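Just below is one structure, and these are the notes that go with it.
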Amino acid sequence: MLWAQGARADEALTTATWSPSESSVPPASEAPPDKPRDAELDPAQRALAIAAAAGPGVVVHGLGHSAAGKPKTAQRLLAAEGVGLGLIAASGVGLALTGASRYVVAPLALTGIAGFAVFGTSWLADVHGVATDREGASKPLDAVPVVVSEAGYRYVYDPQFRYRSFLVEGADLRFGRLRVSPSGWFALDDDNARLRLETAWRLSGPTPHRPTPGSASFVDLEAAVTHHRYDSDGFRRATAEVSALGRWDLRNFDPALAGSFAEVGAGFALSRVSYRIDGMQLDPELEDLLLARFGFGFWLGDPTRRGSEVRLYYDHRHDDYAAGLIVTGLASGVAGHFGVDARTFFDERWGMRLDAQVGAAWIAGLSLLYRVGSSP
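The sequence shown begins at 1045 in the working numbering and counts up by one.
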């Protein structure tokens, strides 16, 4: 009898069920989720989110998405800011402790640049994420054309040189994973020209005949040679370089950031400067260059058809026309230049490019673009 009663008690315990209504503590699954990206914000809420991201959000990244009802995205952006600040601090402390020794200055400088890349990207992603509409408003560039040709004009203001106006020509030619990109800048008012041949091998990411639907991430290995002649100023520069460049579709970081991307690249270059001055014979000079760049960008519409791609970037190189920023203090001669590269296409073939750069020189110009073989 006692055994039977115990069995019935065990059966009752086994078949007992728990009901949420019987507990005052809600299950974790009922916690309020982030608002879906396609849930439109009303104008007042969007304005508040943009103001939060662009104002105090400069210091505390993610405030824009927090105001927009996306706390998870806000937490991720804040964590990214912390990583960026940590890398910047590690670089600064390392340079101070080693006296910027030539044996460690390159890796420490790259660490600092990576920190600024993460810091800047997390803030710009916060601003862009709350300023744009639903996810379907933009499409990533998940397919690339076989050929893109460019012809345009650049105005270059550099008080150290006489040139101002340039004809710019270039092309991107793709053969599967291989890209070959010849380009040239030719001064119209001075004896100055810059010729460059760049090649790249795509380790991962879209190619002309192998698109990657829904993702624009890629990794390229690059090599280039450049010949820059300043004949009216009596010298020429030849450069050989190798580098790596990666682009990360930020929807992989957080779905709320769909439609934007981050770029980062690093490399090394060796440059030879030869002098041609009448009545003087000078030995050529060799110098090594640390290459680094990062950027944040976004798409508008469908960039494979009628759409645009906008990229804000920093480039650490000093051997091009923009060169390095002229600043005072410890950063003098160290900082590179900033730029905006915007491309928009009117149809599947014709488009236009806006190029603006700020460094030792100010550069602005437009180019006509023509592409062939863009995958749908």
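For each residue, glycine too, the CB sits at the ideal point set by N, CA and C.
Model, not experiment: these values are computed from the prediction.
Chain-order list of residues whose beta-carbon lies under 6 Å from that of residue i (same chain, five-residue window excluded)
{"i": "A1175", "result": "I1094"}
{"i": "L1314", "result": "A1284 and D1332"}
{"i": "A1408", "result": "Y1199 and A1400"}
{"i": "S1227", "result": "G1214 and R1240"}
{"i": "P1257", "result": "D1186"}
{"i": "H1272", "result": "R1238 and R1281"}
{"i": "E1066", "result": "In this prediction, E1066 scores a pLDDT of 44, lower than 50, which makes its location untrustworthy; no coordinate-derived value is stated."}
{"i": "G1128", "result": "G1159, V1162 and F1163"}
{"i": "L1021", "result": "What the structure shows of the chain is the stretch from 1045 to 1420, and residue 1021 is not part of that stretch, so it cannot be assessed."}
{"i": "W1406", "result": "Y1201"}
{"i": "S1225", "result": "D1216 and E1242"}
{"i": "L1139", "result": "L1152"}
{"i": "V1269", "result": "L1241 and A1284"}
{"i": "T1165", "result": "A1306 and F1340"}
Cross-strand partners of residue i (DSSP beta bridge)
{"i": "P1226", "result": "L1241"}
{"i": "L1314", "result": "A1284 and D1332"}
{"i": "Y1414", "result": "S1193 and W1394"}
{"i": "Q1401", "result": "G1383 and I1407"}
{"i": "V1174", "result": "Its beta-bridge partners do not exist; DSSP assigns none."}
{"i": "A1215", "result": "S1193"}
{"i": "A1209", "result": "It should be pointed out that residue 1209 corresponds to Ser in this sequence rather than to Ala. DSSP output for S1209 lists Y1199 as bridge partner(s)."}
{"i": "T1432", "result": "Nothing about residue 1432 can be read from this structure; the chain reaches only from 1045 to 1420."}
{"i": "V1308", "result": "G1290 and F1338"}
{"i": "D1359", "result": "R1337 and H1381"}
{"i": "T1388", "result": "S1352 and M1396"}
{"i": "R1221", "result": "Looking at the DSSP assignment, R1221 forms no beta bridge with any residue, so it has no partner."}
When the options are compared against residue i, the one with the closest alpha-carbon
{"i": "T1251", "options": "E1242, L1241 and V1263", "result": "V1263"}
{"i": "F1279", "options": "R1238, I1132, A1302 and A1400", "result": "R1238"}
{"i": "P1328", "options": "Y1358, H1362 and A1282", "result": "A1282"}
{"i": "W1343", "options": "G1303, I1370 and L1294", "result": "G1303"}
{"i": "F1338", "options": "A1144, L1141, A1158 and A1140", "result": "A1158"}
{"i": "V1162", "options": "A1268, R1120, A1150 and V1190", "result": "R1120"}
{"i": "L1330", "options": "F1382, M1324, V1317 and A1096", "result": "V1317"}
{"i": "G1101", "options": "R1218, Y1197 and G1173", "result": "G1173"}
{"i": "F1210", "options": "V1103, K1116, Y1197 and V1269", "result": "Y1197"}
{"i": "S1135", "options": "A1123, G1126, V1149 and L1301", "result": "V1149"}
{"i": "F1297", "options": "A1112, A1123 and A1405", "result": "A1123"}
{"i": "D1293", "options": "I1370, H1360 and R1355", "result": "R1355"}
{"i": "G1395", "options": "A1405, L1413 and S1193", "result": "L1413"}
{"i": "L1232", "options": "V1212, S1225 and V1224", "result": "V1212"}
{"i": "V1384", "options": "R1397, V1269 and G1368", "result": "R1397"}
{"i": "F1389", "options": "H1381, G1290 and D1346", "result": "D1346"}
{"i": "S1193", "options": "A1144, D1216 and T1142", "result": "D1216"}
{"i": "R1387", "options": "Y1319, E1307, E1353 and P1184", "result": "E1353"}
{"i": "L1369", "options": "D1363, R1361 and A1379", "result": "A1379"}
{"i": "L1334", "options": "A1404, R1350 and R1146", "result": "R1146"}
{"i": "T1372", "options": "R1349, L1301 and A1404", "result": "A1404"}
{"i": "V1190", "options": "G1351, R1223 and Y1357", "result": "R1223"}
{"i": "E1392", "options": "V1402, F1382, R1349 and L1410", "result": "R1349"}
Which of helix, strand or coil DSSP assigns to residue i
{"i": "H1272", "result": "strand"}
{"i": "L1333", "result": "strand"}
{"i": "R1295", "result": "helix"}
{"i": "G1351", "result": "strand"}
{"i": "V1378", "result": "coil"}
{"i": "A1169", "result": "helix"}
{"i": "V1162", "result": "helix"}
{"i": "G1180", "result": "Confidence in G1180 is poor, its pLDDT being 48 and thus under 50, which makes the residue's placement unreliable; the coordinate value appears in the next sentence. In the structure shown, G1180 sits in a helix (DSSP, three-state: H, G or I)."}
{"i": "A1366", "result": "coil"}
{"i": "A1302", "result": "coil"}
{"i": "D1234", "result": "coil"}
{"i": "D1322", "result": "coil"}
{"i": "A1075", "result": "Its pLDDT being 42, under 50, A1075 is placed unreliably in this model, and the coordinates cannot settle the point."}
{"i": "D1327", "result": "coil"}
{"i": "A1086", "result": "A quick correction: the sequence has Asp, not Ala, at residue 1086. Here D1086 sits in coil by DSSP."}
{"i": "D1264", "result": "strand"}
{"i": "D1202", "result": "coil"}
{"i": "P1070", "result": "Note that P1070 scores a pLDDT of 45, beneath 50, so its modelled location is shaky; the value from the coordinates is reported in the next line. Correct three-state label for P1070: coil."}
Beta-carbon contacts of residue i that lie in its chain and below 8 Å, excluding the five residues immediately before and after
{"i": "S1276", "result": "R1206, D1234, D1235 and N1236"}
{"i": "P1087", "result": "none"}
{"i": "A1288", "result": "V1263, D1264, L1265, E1266, G1309, A1310 and G1311"}
{"i": "A1098", "result": "G1108 and V1171"}
{"i": "R1320", "result": "D1275, G1278, F1279 and R1280"}
Spatial neighbours of residue i in its chain, beta-carbon cut-off 7 Å, leaving aside the 5 residues before and after
{"i": "L1154", "result": "A1310 and A1336"}
{"i": "R1221", "result": "W1245, R1246 and T1251"}
{"i": "S1248", "result": "F1262 and V1263"}
{"i": "L1092", "result": "A1111"}
Any chain C beta carbon closer than 9 Å to residue i
{"i": "I1157", "result": "Checking the listed chains, one finds no chain C in this structure; it contains a single protein chain."}
- request: Report the residue ranges of all beta strand (DSSP E) runs contained in full by the region 1088 to 1157; include only those spanning at least 3 residues, in chain order.
  value: none
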